[in-house]
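Undergrad: Mapping to the UniProt record's numbering: the sequence shown position 319 is 319, numbers consecutive. Yeah, the Cβ is synthetic: ideal placement off N, Cα and C, and Gly gets one too. Owing to the predicted nature of the structure, the values given are computational and were not obtained by experimental measurement. Dropping a structure here in structure tokens format, bear with me for questions.
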Amino acid sequence: MRNTTPPSPDGLDTENIAPWRRDPGARSVSWIETSLMVAERGPGETMKLPRTLKFFAPLTFALALALGGCASASPDEEVASAAEAASETESPHAHGKFGRHHGGGHHLLGAALHELDDLTPEQRKTIEGAMQSLDGTHEADRQAFHKALADGVRAGKIDEAAVKAKLGDTEKLASERRAAVVKALGTLHATLTPAQRVALATHVEERMEKFAGKHGPEGMKRGRHHGPEDGERGPRGPEGMKRGPRGEHGPMGFFLHGLELREEQKTQIHAALEASRPEKPEMHGKMDKEAWAKKHEEHRARMKAAIASFRTDTFDAEALLPPKDARPMPMMMGDHLVKALSAIVPVLDEGQRGALAQRIEEGPKMPHFRGKRGGKHGRHHEGATQAPPSR
């Protein structure tokens, strides 16, 4: 039986398309970003999109996801290494509906729900309510943004002004989101008993230590699943679209999955994106090993102190969030997003545009937590849409 679990980012080419693994301060990755990296060729064979798409992948849906707390300018990356640590108990992509990345605050709240066996029904209800409050943050803005994008996709031409108008004041939205996450984490802390706080903090610290060996300066350099069996990296350009990061195959993406792109369409998309490609930003992976190691250790020390404070009565939820003056995601990402989609859409035929627009509007319901407990937050929600199979 083929695996129906969404592809894990850990299986991707970490050198080129996994900056979130190199930089612990980078935002969490979303399924829609990963999906831009690969497209389906046919049954049993996937195709890697060219380097241009890989470059646009971190930009795609950036501002839309910021409304759901996934962009680095938004505050739902707050647990950083701790979020990754808690996510060890979850599915590879702990996401809800499209644009609602369950990272950061959700990771810590989710870890409490699934690692603390002694929660009372009242405590569980309160924590679940805090999670739901994060899901509902700016839901109307998110839906309006998705609709504007979908309308443009169906029409074959995206109206930049109309789409940007749906975003509103992104700095204000990010500030409100930060406040919502602080409130949710404060609710979690106030709801747990002292013993439960200690147990949760200990669990996250243990996961952080486990991740330290895999995703520190050396671990990130190697990647988690790289080895001889991974195959050689495919060539660049259109020919590279025929091969994924694991040789002939690659992780199955969502974004272009099922659109049955023809060879000439892939070539046209590549050319169009190259023409609209923005100036390449400086990558954090370019810093020297010593500087990266220092930054990594500073980040880990800050996170360990924040998690340790969760045990105390004076816990400050702000300590788990990135500093307010941390590297933000440029607001121009909205321009890049529109340019990327604008380059892709004209190449698609009417049926492909309709399928893509529907995917933007609806998105898949992804599996949630994979912790000790089943039920509502078990491996799969009942009725959830299964992800396309991956190898």
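Using only alpha-carbon positions, find the residue among M131, F211, H257, Q196 that is nearest to R177.
TA: Nearest of M131, F211, H257, Q196 to R177, Cα basis: M131.
Undergrad: Once DSSP output is grouped into helix, strand and coil, what is the label at R124?
TA: Of the three classes helix, strand and coil, the one that applies to R124 here is helix, per DSSP.
Undergrad: If you follow the alpha helix (DSSP H) that T191 is part of, which residue opens it and which one closes it?
TA: First-last of the alpha helix (DSSP H) with T191: 170–191.
Undergrad: Taking I360 as the reference, give the member of F211, H114, F145 with the closest Cα.
TA: Ranking the options by Cα distance to I360, first place goes to F145.
Undergrad: Out of L134, A305, A148, H114, point me to the one whose CA is closest to A357's CA.
TA: Nearest option by C-alpha distance: A148.
Undergrad: In the DSSP assignment, the alpha helix (DSSP H) including D141 goes from what residue to what residue?
TA: Start and end: 139–155.
Undergrad: What number of angstroms, rounded off, separates the C-alpha of E209 from the C-alpha of L320?
TA: In a straight line, the C-alpha of E209 is about 17 angstroms away from that of L320.
Undergrad: Output needed for A112: all residues of its chain with C-beta closer than 8 angstroms, excluding positions within five of it in sequence on either side, in chain order.
TA: L119, I127, L188, L192, Q196, L200.
Undergrad: Please state whether DSSP places H257 in a helix, a strand or coil.
TA: In this structure, H257 counts as coil in the three-state DSSP scheme.
Undergrad: If I measure Cβ to Cβ from L116 and keep anything under 7 angstroms in the same chain, skipping five residues before and after, which residues do I get?
TA: Taken in chain order, the residues that qualify are Q196, A199, L200.
Undergrad: Can you give me the Cβ contacts of A179 inside the same chain, cut-off strictly under 8 angstroms, excluding the 5 residues immediately before and after it?
TA: Counting only Cβ-Cβ distances below 8 angstroms, and skipping sequence neighbours, we find nothing.
Undergrad: I'd like to check one pair, L341 with I158: are the Cβ atoms closer than 8 angstroms?
TA: Cβ atoms of I158 and L341: closer than 8 angstroms.
Undergrad: Could you please give the first and the last residue of the uninterrupted alpha helix (DSSP H) stretch that includes K167?
TA: The sequence given here has Leu at residue 167, not Lys. Looking at the DSSP string, the run of the alpha helix (DSSP H) that includes L167 is 160–167.
Undergrad: Answer with buried or exposed for A306, where buried requires no fewer than 16 other C-beta atoms within 10 angstroms of its C-beta.
TA: Buried: at least 16 other Cβ atoms inside 10 Å.
Undergrad: Would DSSP call L273 helix, strand or coil?
TA: Helix at L273.
Undergrad: Please classify K294 as buried or exposed, where buried requires at least 16 neighbouring CB atoms within 10 angstroms.
TA: The residue in question, K294, is exposed, as its Cβ has fewer than 16 Cβ neighbours within 10 Å.
Undergrad: Please state whether the Cβ-Cβ distance between V153 and V347 is less than 8 angstroms.
TA: Not closer than 8 angstroms, so no.
Undergrad: Between K172, A355, F310, A343, which has its C-alpha nearest I269's C-alpha?
TA: The candidate whose alpha carbon is nearest that of I269 is A343.
Undergrad: What residue from V204, D141, A271, D151 has the CA that sits closest to G354's CA?
TA: Ranking V204, D141, A271, D151 by Cα distance to G354 puts D151 first.
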